[in-house]
Each structure stands twice: as C-alpha cells, then as structure tokens.
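The listed protein sequences derive, respectively, from chains R and L.
Position 136, counted from 1, in the first sequence is what our numbering calls 136; the numbers after and before it change by one each time, with no gaps.
Position 317, counted from 1, in the second sequence is what our numbering calls 317; the numbers after and before it change by one each time, with no gaps.
For reference, the structure is listed below as structure tokens.
2 protein chains.
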Amino acid sequence: MSAMDDLAAFTRETIALGEVMGRLGWDQETVMPRGAAPQRAEEMAALEAVLHARKTDPCLGEWLAAAEPASDAETAILREIRRSYERATKVPAKLAAEIARVTSRAQGLWAEARAADDFAAFAPTLEEVIGLKVEEASAVAEGRPLYDAMLDDFEPGATAASLAAMFDALRPGLVALKDRILGAEEAPPPLSTTFPEDVQLALSTDLACAFGYDLAHGRIDKAVHPFSSGSGLDVRITTRTDEADPFNCFYSTIHEVGHAAYEQAIDPAYLLTPIGRGASMGVHESQSRIYENQLGRSPAFTGWLLGRMRGAFGDFGVADAETFARIVNRVAPGFIRTEADEIHYNLHIMLRFDLERALVSGDLSVADLPGAWDDRFEADFGLRPSRPSEGCLQDVHWSVGLFGYFPTYSLGNVYAGCLHAALRRDVSDLDAALAQGDTAPATAWLREKLQRHGSLRTPVETIEMATGAAVSEAPLLSYLDEKFSALYRL
Amino acid sequence: MSAMDDLAAFTRETIALGEVMGRLGWDQETVMPRGAAPQRAEEMAALEAVLHARKTDPCLGEWLAAAEPASDAETAILREIRRSYERATKVPAKLAAEIARVTSRAQGLWAEARAADDFAAFAPTLEEVIGLKVEEASAVAEGRPLYDAMLDDFEPGATAASLAAMFDALRPGLVALKDRILGAEEAPPPLSTTFPEDVQLALSTDLACAFGYDLAHGRIDKAVHPFSSGSGLDVRITTRTDEADPFNCFYSTIHEVGHAAYEQAIDPAYLLTPIGRGASMGVHESQSRIYENQLGRSPAFTGWLLGRMRGAFGDFGVADAETFARIVNRVAPGFIRTEADEIHYNLHIMLRFDLERALVSGDLSVADLPGAWDDRFEADFGLRPSRPSEGCLQDVHWSVGLFGYFPTYSLGNVYAGCLHAALRRDVSDLDAALAQGDTAPATAWLREKLQRHGSLRTPVETIEMATGAAVSEAPLLSYLDEKFSALYRL
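So this is what it looks like as structure tokens:
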C-alpha cells in the first residue's frame with residue numbers, strides 16, 4: 001500500500017463515522033423519543049472523541065508527507081485532508097472538548113432563554129462561547145485576523161475583507177429596490193383559507209420530486225427546523241407545516257432539496273472521500289437558493305404551482321397567476337430572518353455579519369448586544385424589535401459557536417445570481433419548461449456544470465468553472481431588479 | 001483516578017458507541033432509504049472496527065488486573081468486562097473481521113435463496129459461515145465442547161449438556177399434550193373479516209402502553225420483522241401488520257414490549273454500564289414470553305382484548321370470550337417457527353438445537369441438511385416441508401452466524417414458566433386485574449423481582465433470586481397442561 005492508499009483507506013472510515021454522527025443528529029431532530037436526550041448526548045460525545053482522535057492521528061501527518069497524488073481528484077483529496085489535519089492539530093484536544101461541552105449545553109440554554117425572552121439568562125453562556133471560539137481561532141489563525149480563521153471552517157478562502165466588499169456592493173442596490181417596492185406596493189391580500197397538513201405534505205413531496213430529489217436515497221420527515229442531512233447514498237431532508245401558510249412548507253422543502261440534490265448528484269467515484277460533499281457552505285447555499293428562489297419563486301413556476309394547489313386544496317381565493325406570484329414574492333420588512341423575502345434577507349445577514357465581527361474583536365460586549373441589534377435593525381428596517389426573540393435571540397447559530405457562518409448565506413445568494421445568469425444564457429426556453437412544472441433543464445445544467453464535481457475545486461473555482469465568469473454581485477442585483485420591477489410594475 | 005474508575009469511564013464510552021451501532025441497525029430496518037445499503041454497510045463496518053479495537057484494548061487488561069471493586073455492582077461490572085475482554089482477545093482480529101464480512105454478505109444471499117427456494121445457492125455460504133464460527137469457537141473454547149463456547153455468547157453458563165437435559169425433560173409432556181389437543185380439538189372458526197391496518201396499529205400502541213411500555217423512552221414503528229432495539233433511555237420496538245390476522249400485530253407488539261420494558265426497567269444507576277442490560281438472551285426471552293403468553297394470551301386478558309377489539313373493529317363474528325380465547329390459543333402443527341403456538345414452539349427449537357449441534361460437530365454436512373430437516377420435521381410434526389423456505393431456509397439465524405442462539409428461546413419459555421408460578425404464588429387476584437386490561441400487578445412484580453437488576457447476577461441466579469426456587473421445567477409443563485386442558489375441555 002502506498003501512503004496515498006493508506007491515507008484514502010483511513011480517511012474513508014473517518015468519513016463513514018462522520019456520516020454516522022450526522023445520522024444521530026437527524027434521528028435526534030426527527031424520531032428520537034423525548035426522554036432519550038441525556039443518553040444521546042453521551043453517545044455523540046463518545047463518537048466525537050473517536051472522530052477527533054482520527055482527525056489528529058499522527059499517521060495522517062506521515063502519510064500526508066509521503067503521499068503522491070496521481071490525479072486531479074487525488075490532489076483535491078490531499079488538499080482537503082491537509083486542511084482538516086492542520087486545523088485539527090492546531091486546536092488543543094482539551095479546548096476542542098470544552099467547546100463541544102459548552103456549545104452542547106448552550107443550545108438548550110439558548111432555546112430556554114428565547115422561549116422566556118430573557119437575554120440576561122443567556123448572556124454569560126454566550127460570553128463563554130465567544131471566549132472559547134476566540135481561543136480556537138487564535139490557535140489556528142497564524143497571524144490572520146481571527147474572524148478570517150473562523151470563516152475557514154465554512155468557506156475556505158473567504159475573508160472578512162472580501163465579504164465586507166461584497167456587502168458594500170450589494171447594499172445600495174438592495175436598499176433602493178426595497179424602498180421602491182415598499183413605496184409602490186399594494187399589499188397582496190392575505191390567504192384566508194386553511195391548508196390541511198396532510199395535503200401540504202403530499203404536494204411538498206411532489207415538489208421535491210419535481211426538483212429531482214431522489215427518494216431511493218433520501219426521505220422527507222417533519223421537524224421543527226427544516227434541514228438537509230447526510231451525503232452520498234443517504235441524504236435526508238425535513239420540512240415543517242403551518243396550516244395558515246402552505247408556502248412555509250413548500251419553499252422549505254424546495255430549499256432543502258437544493259442542498260440534498262447537490263449531495264446526491266456528486267460523482268459516485270467520490271463517495272466517502274473528502275471531495276464527496278458540497279464545496280462549501282456558500283456553494284451549498286447557492287444551490288438551495290437557486291432552487292427555492294430563481295426557479296421555485298419564478299412567475300413561470302408559480303403559475304404551475306397555482307394550478308397544482310387549486311387541484312389539491314380547491315379554490316383558495318386567489319384570483320389569478322399574477323396575484324399569486326406577488327403573494328409568493330411578498331416584500332415586507334419583518335423581524336425574523338428565516339421568514340424574509342429575497343431582498344430583505346441580505347440586510348438581515350449584513351446586520352449579523354457586522355455584529356458578530358464586533359463581538360469577536362471585542363468592540364461590542366455581550367451586554368450591549370441587544371441594544372446594538374435593535375438600533376441597527378431599526379435603522380435598516382424601520383422597525384424596532386420589542387423582545388429578544390424577535391431580535392438577537394432569534395437564531396441558534398451563535399449559541400453553538402457558529403461565528404462566520406451567517407455571511408455564507410448571502411454569499412450563496414450572490415453565487416446563485418451568477419449561476420442563474422449563466423443558466424439563462426445557456427438554456428433557452430427555461431420559463432416554458434418551468435411553466436409546465438419541469439425543472440429538468442435547469443437542474444440538469446446545475447448537475448453537469450457544478451454539482452457532480454463536489455469539492456474537487458475550491459468554492460470560487462467551483463462557481464467560476466460553472467459560469468465561465470468571475471464572481472460578481474451584479475447578476476444578483478440585476479435579477480432582483482428585473483423580477484420585482486416586473487412583478488410590481490415599478 | 002483508580003483503575004476501577006478508568007475502566008468504568010472507558011467502558012461507558014464503548015457501550016455508548018455500541019448503542020450507536022444498535023441505532024444504525026434500527027434505522028436500517030425501519031426508515032433507511034432503500035438505496036443507502038452499500039454506504040450503511042461501510043458505516044457499520046467502520047464503527048465495528050472502532051468497537052473491536054476498544055474491546056481488545058490492552059489498557060483493559062492492565063485495568064482489570066488492578067481494579068478493586070467496592071460494591072456488588074462493581075463486582076458484576078468487572079465480571080462482564082472480563083468476560084468480554086477475554087473472549088474478544090482470544091479471537092484474532094483478522095478472523096473477527098472475516099466473520100463480520102462473510103455474515104454481512106450471507107444475510108443477503110440467504111434472503112435471496114429463501115425467496116427463490118434455492119438451498120443449493122446458499123449452501124456454500126452456509127458452509128463458509130459454519131467454518132468460520134467453528135474456528136472462532138475453537139479459539140475461545142479452552143478445552144470445552146465447541147458448542148458450549150458458542151452458547152457463551154448468548155447464555156453465559158449454559159452448556160449443550162444442560163440444554164439437552166432441559167429438552168429431554170420437556171419433550172414427553174409437550175408431545176403428549178399436543179396429541180391430546182389435536183385429538184380432541186374442534187378447530188375454532190377462522191376470522192373472516194379484514195382488520196384495517198391503522199386501527200390495528202392504534203390498538204397495538206394501546207396494548208404496548210397497557211403492558212407498561214414507556215413511549216417517552218421508546219417508539220413503535222413498522223418493520224418486516226418485529227424486534228426490540230437499544231437499552232437505557234432509548235428502547236425502540238417494531239411491529240408488523242396483516243389485515244387478515246390482527247393477532248400477528250398485537251402479540252408481536254406485546255412480545256417486543258416484554259423485551260423493551262425489561263431494558264427500560266433496569267436501575268438507572270446502571271445506565272451505560274455492562275450490567276445496564278438484560279442478563280442473557282434466555283432471561284430476555286422469559287420476559288417477552290411471559291408478557292406475550294402467560295399474561296397476554298391468558299383467557300382473563302383475552303376477554304378484555306375481545307371487548308377492545310369489538311370497540312375498535314365492530315363485531316367481527318366471534319360469538320363469545322371462550323371461542324375468542326381458543327382462537328388466540330389455536331394449537332396446530334405448522335412449518336414456520338415464528339407462527340407456532342406455545343406447545344409446538346419448543347418442538348421447533350429442539351429440531352434446530354439437534355441439527356445445529358450436528359452441523360458444528362461435523363456429524364451433519366450442509367449438503368445433507370435439507371433432508372435431515374425434513375425427515376425430523378415429519379417425525380415430530382406429521383407434515384413434510386415441500387420447499388426450503390418452509391424448512392431449513394426459514395430462519396435468518398444461521399446465515400448471520402447465530403449458532404447456539406435458538407435454545408435460548410426455549411430456555412426463555414422454561415424461565416417464564418418458573419416466573420409465572422412464583423408470580424401467581426405472590427400476587428393474588430391476578431386474573432381479576434388482567435380481565436380489566438390491568439397488567440400492573442404482574443409487571444410491577446417482574447420489575448421489582450427481576451427487571452431492575454439488569455445483569456447484576458448471572459442468568460440462573462437472576463431467575464432463582466426472583467422466584468426463590470431452583471429452575472425447573474415442571475412449572476412450564478404444568479401451566480401448559482392446565483391452560484390448554486381447560487381451554488379444550490380435555
């Protein structure tokens with residue numbers, strides 16, 4: 001066996017064990033009996049210890065020094081193993097265990113504090129989490145800004161500076177567009193019917209299949225928060241229902257199908273290798289966003305959806321396809337990020353990006369976070385949160401140590417804009433197909449150009465190889481402007 | 001940290017990882033997408049390698065030599081760790097991996113051969129499995145008969161000789177009783193209605209709760225084969241349905257609840273320790289059998305069940321409680337072990353016990369197995385199987401290397417007989433409670449006398465401490481004779 005072979009065999013087992021960890025997470029959020037939580041925590045901690053030991057195993061260092069790649073795929077595999085090994089070995093085992101312990105507890109405390117709208121109850125824990133994550137970033141930063149070291153976990157190659165430039169490029173156009181819409185918009189009528197859960201779930205499954213989700217290698221369950229889990233031959237998604245708002249279910253499903261279909265489309269030759277998964281959080285989000293928004297919320301597709309919904313639910317009081325498209329694409333400021341429209345969404349992210357950098361640098365204290373959040377929110381959205389659950393306690397991310405994660409959502413939107421422009425350039429009559437509920441021309445293009453390659457290339461390379469153009473914010477801004485100008489006859 | 005503390009901490013993690021393996025098995029049989037099997041096999045193999053390494057870790061030997069137990073529980077914990085360690089270290093890692101590999105493949109081949117009724121297609125694989133299991137038994141036997149070494153995996157302390165004596169004591173009484181019944185029995189009328197699946201599943205859940213199954217620490221799903229999975233705070237069961245035969249669902253559920261309620265009742269202080277699970281397969285089966293048969297099929301309880309079934313399904317053409325009790329306790333020879341009545345069941349096991357000992361000793365060749373099976377079956381049951389799927393291919397056990405497992409089913413019946421006699425002695429008015437659907441007096445007695453102790457004691461000690469009497473076949477024979485004589489007015 002060559003060092004490359006040894007490395008591949010060892011890493012394959014580690015990745016298989018990582019998939020097991022993902023399956024435990026899925027189980028916990030969907031089917032686990034409620035009284036099993038303490039035991040599950042011990043099971044996951046035991047498996048995490050096994051994974052950490054394997055990721056820092058000294059054999060990896062020796063094999064990495066000796067391995068000679070014989071293909072582009074092997075070069076990429078070595079790149080990924082090296083990145084993981086160098087990062088993992090720089091973080092002291094004791095610190096890694098402490099972060100796992102504290103964030104596991106913090107998630108429960110955050111949920112309680114959010115339910116009670118009691119920020120003070122959560123503040124000491126948040127301080128502890130930030131302290132540990134700063135310590136971890138310091139261990140791996142090697143002179144780079146701490147926030148850049150944090151970004152590396154989610155978006156290799158991204159920097160605070162590059163993201164700040166991206167947001168600077170997005171902000172004026174988004175603000176101008178939402179002001180134009182809010183000035184002109186005659187609010188579409190709210191839905192007044194209720195939509196039975198079982199019918200929603202059946203239609204949601206049809207939508208998942210329409211977007212190419214492979215149920216022989218996946219399944220759909222209900223969960224409190226929609227998510228996609230797993231890679232390779234077993235990629236599961238969850239959705240949720242609200243009988244007053246069927247779009248919550250439908251677009252959660254389509255979003256998660258974007259993530260899951262990406263994983264399912266990766267070249268089977270990469271199965272259980274470090275390149276057999278999506279290239280980064282940002283690239284992943286580009287897939288979920290383009291499925292959900294550029295395709296799923298396009299007036300062509302919503303026209304087809306209206307017919308399907310009338311078939312499933314009967315007449316629900318929406319007069320025509322144009323009104324329906326405006327309901328699906330309703331633009332309004334609101335406190336909750338996950339409920340935001342395509343335009344406001346990125347403003348939610350900019351707020352978090354700025355505040356989390358300030359928390360990490362120490363420019364903002366945890367005690368001052370609620371006030372800073374509410375001030376900034378009011379400035380950007382014209383509304384002031386009245387309680388922490390609609391302000392700085394709304395998201396789980398910080399409680400579990402995910403600093404540097406939020407900007408990948410907007411990066412995904414920017415990437416989706418680039419991909420959508422290239423898709424429209426390459427594939428004619430896309431709207432004619434979407435108007436028939438046929439996403440195949442679009443999803444086939446994405447599979448061929450991007451999805452099948454997994455992590456063969458870096459995130460930016462992955463997007464640029466697919467589009468044949470440099471990454472830019474311009475396509476996203478043009479797309480939003482054109483779509484909403486037409487919808488709202490601006 | 002003392003050696004005892006080190007040992008406890010290390011073993012706790014190993015057991016937690018073992019629970020993860022159990023969860024993967026549950027997932028595979030209930031919710032896993034059908035295309036995920038190849039990946040799941042790699043995940044389980046990777047986890048199995050981790051578990052094997054931990055079970056043979058040289059640290060265990062050092063700690064075992066130095067550990068000083070400070071309580072009965074710690075003494076029992078050391079006994080279990082020592083047993084596992086000594087057994088695991090005697091089996092060469094290469095052989096253990098080969099057995100895992102071959103039996104994993106063999107299970108699929110067995111299923112195909114059974115479906116095609118093609119014994120010849122499976123014979124070479126069965127020979128291979130037997131060869132490997134004999135090699136394994138030779139490695140651990142230390143001069144004992146090979147079959148005794150195999151039994152150790154399932155029923156510590158049992159021997160071929162002790163089991164042969166048990167079967168010799170059971171056989172004449174069982175044969176005489178079934179001949180009396182079959183000579184006298186006027187067959188109860190077959191059910192002619194169909195029983196909708198959703199109503200079966202709802203009533204089955206009620207039955208599980210009536211027998212004390214705790215759904216906060218468990219759940220019920222459908223699977224091809226009913227089973228119980230997990231221990232501690234997460235013990236799940238499965239059931240199955242047949243719209244023509246609701247008893248399949250109801251008694252599968254009650255049987256699995258017997259297994260699961262045992263695990264759920266174990267002292268929480270033993271959670272994730274080697275004594276925090278049932279004492280052996282035989283003791284486990286005693287719980288599932290007493291729940292299913294001595295309690296669940298008692299005429300007192302079936303009287304209550306008849307009322308519940310009439311409420312759930314409407315009138316289904318059974319005139320009275322006595323007829324219903326005879327239908328639930330129908331006695332008839334049949335080819336399939338899992339469908340056998342309480343009397344014939346043990347004859348099925350005797351056949352397997354004799355044939356598997358002959359396969360292991362080499363007295364019977366794999367090529368001669370089908371003929372030997374059919375001859376013996378005809379002699380014992382008066383019927384001759386017409387194809388392997390109703391003969392020697394019906395059970396999965398041998399394909400996955402479970403030699404020495406079958407006799408624990410009859411051992412469980414004998415133990416259940418002992419426990420039932422002691423229960424009737426200690427608890428008055430049991431039938432009055434059962435006639436109200438109230439199993440609490442019986443299940444509380446079992447929890448207090450047996451279940452809560454887990455593996456604190458050896459299997460035989462566990463039964464004898466609960467009953468206050470030596471294990472004997474007599475109570476089972478008396479119980480069967482009394483019950484069926486009354487039912488069939490012999």
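Idealized CB from N, CA, C, for every residue including glycine.
### Task
Pull out every residue of the segment 43-57 of chain L whose Cβ sits closer than 8 Å to any Cβ of chain R, in chain order.
Answer in chain order: Glu43, Ala45, Ala46, Leu47, Ala49, Val50.
### Message
Could you check whether the segment 89-109 of chain R touches the segment 21-29 of chain R, counting it as contact only if at least three pairs of C-beta atoms, one from each stretch, sit closer than 8 Å?
### Response
no
### Message
Here's the rule I'm using: 16 or more other beta-carbon atoms within 10 Å means buried, otherwise exposed. How should Ser288 (chain R) be labelled?
### Response
Taking the first sequence and counting its residues from 1, the one referred to as residue 288 (chain R) is at position 288. Under this definition Ser288 (chain R) is a buried residue.
### Query
Hey, Leu207 (chain R) and Thr239 (chain R): beta-carbon distance below 7 Å or not?
Translated into positions along the first sequence, residue 207 (chain R) becomes position 207. Translated into positions along the first sequence, residue 239 (chain R) becomes position 239. Thr239 (chain R) is positioned such that its CB atom lies no closer than 7 Å to that of Leu207 (chain R).
### Message
Any beta carbon from chain L within less than 7 Å of Arg34 (chain R)'s own beta carbon?
### Response
Looking up residue 34 (chain R) in the first sequence gives position 34. True, the Cβ-Cβ gap to chain L drops below 7 Å.
### Message
Residues of the segment 9-30 of chain R in Cβ contact with chain L at a cutoff of 7 Å, in chain order, please.
### Response
Glu13, Ala16, Leu17, Glu19, Val20, Arg23, Leu24, Asp27
### Task
Establish whether the CB of His217 (chain L) and some CB of chain R are separated by less than 7 Å.
As a position in the second sequence, residue 217 (chain L) is number 217, starting the count at 1. True, the Cβ-Cβ gap to chain R drops below 7 Å.
### Query
Rounded to the nearest angstrom, how far is the Cβ of Leu487 (chain R) from that of Asn329 (chain R), given a contact under 8 Å?
Start at 1 with the first residue of the first sequence, and residue 487 (chain R) comes out as number 487. Start at 1 with the first residue of the first sequence, and residue 329 (chain R) comes out as number 329. Confirmed, about 6 Å.
### Task
Check each candidate in R:Asp72, R:Thr14, R:Pro145 and name the one with the smallest Cα separation from Leu47 (chain L).
Within the second sequence, residue 47 (chain L) is the residue found at index 47, counting from 1. The residue with the shortest Cα to Cα distance from Leu47 (chain L) is R:Thr14.
### Task
Return the Cβ separation of Tyr405 (chain R) and Met281 (chain R) in integer angstroms, given the expectation that the two are a contact with Cβ distance under 8 Å.
If you number the first sequence from 1, residue 405 (chain R) lands on position 405. If you number the first sequence from 1, residue 281 (chain R) lands on position 281. Between Met281 (chain R) and Tyr405 (chain R) the Cβ distance is about 7 Å, and since that is below 8 Å, they are a contact.
### Message
Please list, in chain order, the residues of the segment 255-277 of chain R that have any C-beta partner in chain L closer than 8 Å.
### Response
Hits within the stretch, in order: Leu271, Leu272.
### Message
Going by the DSSP bridge assignment, what does Asp221 (chain R) pair with across the sheet?
### Response
Stepping through the first sequence from its first residue, residue 221 (chain R) is reached at position 221. Beta-bridge pairing links Asp221 (chain R) to R:Thr238.
### Query
Cβ of Lys94 (chain R) within 7 Å of Cβ of Ala139 (chain R)?
As a position in the first sequence, residue 94 (chain R) is number 94, starting the count at 1. As a position in the first sequence, residue 139 (chain R) is number 139, starting the count at 1. The answer is no: Cβ separation not under 7 Å.
### Task
Evaluate Arg236 (chain R) with the Cβ neighbour count: other Cβ atoms within 10 Å of its Cβ, from every protein chain shown; 16 or more gives buried, anything less gives exposed.
What you label residue 236 (chain R) is simply residue 236 of the first sequence in a count that begins at 1. Arg236 (chain R) comes out buried.
### Message
Cβ closer than 9 Å: which chain R residues qualify as neighbours of Leu490 (chain L)?
### Response
Taking the first residue of the second sequence as position 1, residue 490 (chain L) is located at position 490. Result: empty, since nearest Cβ-Cβ is about 46 Å, beyond 9 Å.
### Task
Have a look at Ala325 (chain R) and Phe484 (chain R) and give me their C-alpha separation to the nearest angstrom.
Along the first sequence, read from residue 1 onward, the residue named residue 325 (chain R) stands at position 325. Along the first sequence, read from residue 1 onward, the residue named residue 484 (chain R) stands at position 484. Taking the straight line joining both Cα atoms gives about 10 Å.
### Query
In angstroms, rounded to a whole number, what distance separates the CA positions of Asp426 (chain L) and Cys418 (chain L)?
Here residue 426 (chain L) corresponds to residue number 426 of the second sequence, with the count starting at 1. Here residue 418 (chain L) corresponds to residue number 418 of the second sequence, with the count starting at 1. Separation of Asp426 (chain L) and Cys418 (chain L) (C-alpha to C-alpha, rounded to the nearest whole angstrom) is 13 Å.
#### Entry: Touch test, the segment 387-395 of chain L against the segment 429-446 of chain L, Cβ-Cβ under 8 Å, three pairs minimum
no
### Message
Along the chain, where does the alpha helix (DSSP H) containing Arg180 (chain R) start, and where does it finish?
### Response
Translated into positions along the first sequence, residue 180 (chain R) becomes position 180. From DSSP, the alpha helix (DSSP H) with Arg180 (chain R) extends over 160-184.
### Task
Return no unless some Cβ of chain R is closer than 7 Å to the Cβ of Leu233 (chain L).
Position 233 of the second sequence, counted from the first residue, corresponds to residue 233 (chain L). Cβ-Cβ to chain R under 7 Å: yes for Leu233 (chain L).
### Message
Taking the beta carbon of Arg83 (chain R) as the centre, do at least 16 other beta carbons fall within 10 Å, making it buried, or is it exposed?
### Response
Indexing the first sequence from 1 puts residue 83 (chain R) at position 83. Arg83 (chain R) comes out exposed.
#### Entry: Within chain L, the residues that Pro38 (chain R) reaches when beta carbons sit closer than 8 Å
Reading the first sequence from its first residue, position 38 is the one you call residue 38 (chain R). The contacting residues are Leu233.
#### Entry: Segment limits, alpha helix (DSSP H) that includes Asp375 (chain R)
Translated into the one-based positions of the first sequence, residue 375 (chain R) becomes position 375. DSSP places Asp375 (chain R) inside the alpha helix (DSSP H), whose first and last residues are 369-381.
### Task
For Met150 (chain R), I'd like the list of residues in its chain whose CB is within less than 6 Å of its CB, leaving aside the five on either flank, ordered along the chain.
Working through the first sequence from its first residue, we reach residue 150 (chain R) at position 150. Within the same chain, Met150 (chain R) has close Cβ partners Ala137, Phe403, Gly404.
### Message
Which residues does DSSP list as the beta-bridge partners of Ser229 (chain R)?
### Response
Counted from its first residue, the first sequence places residue 229 (chain R) at position 229. DSSP output for Ser229 (chain R) lists R:Arg236 as bridge partner(s).
### Message
Pop quiz: Thr241 (chain L) and Gln200 (chain L) are said to be a contact at Cβ under 8 Å. What is the actual Cβ separation, rounded to whole angstroms?
### Response
Reading the second sequence from its first residue, position 241 is the one you call residue 241 (chain L). Reading the second sequence from its first residue, position 200 is the one you call residue 200 (chain L). That belief holds up - the Cβ atoms of Thr241 (chain L) and Gln200 (chain L) are roughly 5 Å apart, short of 8 Å.
### Message
Considering only the alpha carbon of each residue, which of R:Leu430, R:Ile327, R:Arg34 lies closest to Pro491 (chain R)?
### Response
Residue numbering for chain R in the displayed model covers 1 to 490; residue 491 (chain R) lies beyond these limits and cannot be assessed.
### Task
Identify the continuous alpha helix (DSSP H) that holds Trp26 (chain R) and give its terminal residues.
Taking the first sequence and counting its residues from 1, one reaches residue 26 (chain R) at position 26. Taken as a continuous stretch (DSSP letters only), the alpha helix (DSSP H) holding Trp26 (chain R) covers 3-30.
### Task
Using the Cα positions of Glu473 (chain R) and Met166 (chain R), report the straight-line distance between them to the nearest angstrom.
Counting from one through the first sequence, the residue named residue 473 (chain R) turns up at place 473. Counting from one through the first sequence, the residue named residue 166 (chain R) turns up at place 166. Going by the C-alpha atoms only, they are around 7 Å apart.
### Message
So, with DSSP's three-state summary, where would you put Asp198 (chain R)?
### Response
Locating residue 198 (chain R) in the first sequence gives position 198, where the first residue counts as 1. If DSSP states are grouped into helix, strand and coil, Asp198 (chain R) belongs with the helices.
### Message
Quick check: Phe154 (chain L) and Thr408 (chain L), are their CB atoms within less than 7 Å of each other?
### Response
By 1-based counting over the second sequence, the position of residue 154 (chain L) is 154. By 1-based counting over the second sequence, the position of residue 408 (chain L) is 408. It is a contact, given that the beta carbons lie within the stated cut-off.
#### Entry: Those runs of the alpha helix (DSSP H) which lie wholly inside the segment 78-135 of chain L and span at least 4 residues
93-116
### Rounded separation between Arg357 (chain L) and Ala111 (chain R) - CA only
Residue mapping note: residue 357 (chain L) aligns to position 357 of the second sequence, counting from 1. Residue mapping note: residue 111 (chain R) aligns to position 111 of the first sequence, counting from 1. Rounded to whole angstroms, Arg357 (chain L) to Ala111 (chain R) spans 58 Å at the Cα level.
### Message
Taking only three categories from DSSP, how would you classify Ala187 (chain L)?
### Response
On the second sequence, position 187 is the one that residue 187 (chain L) refers to. Ala187 (chain L): coil per DSSP, three-state reduction.
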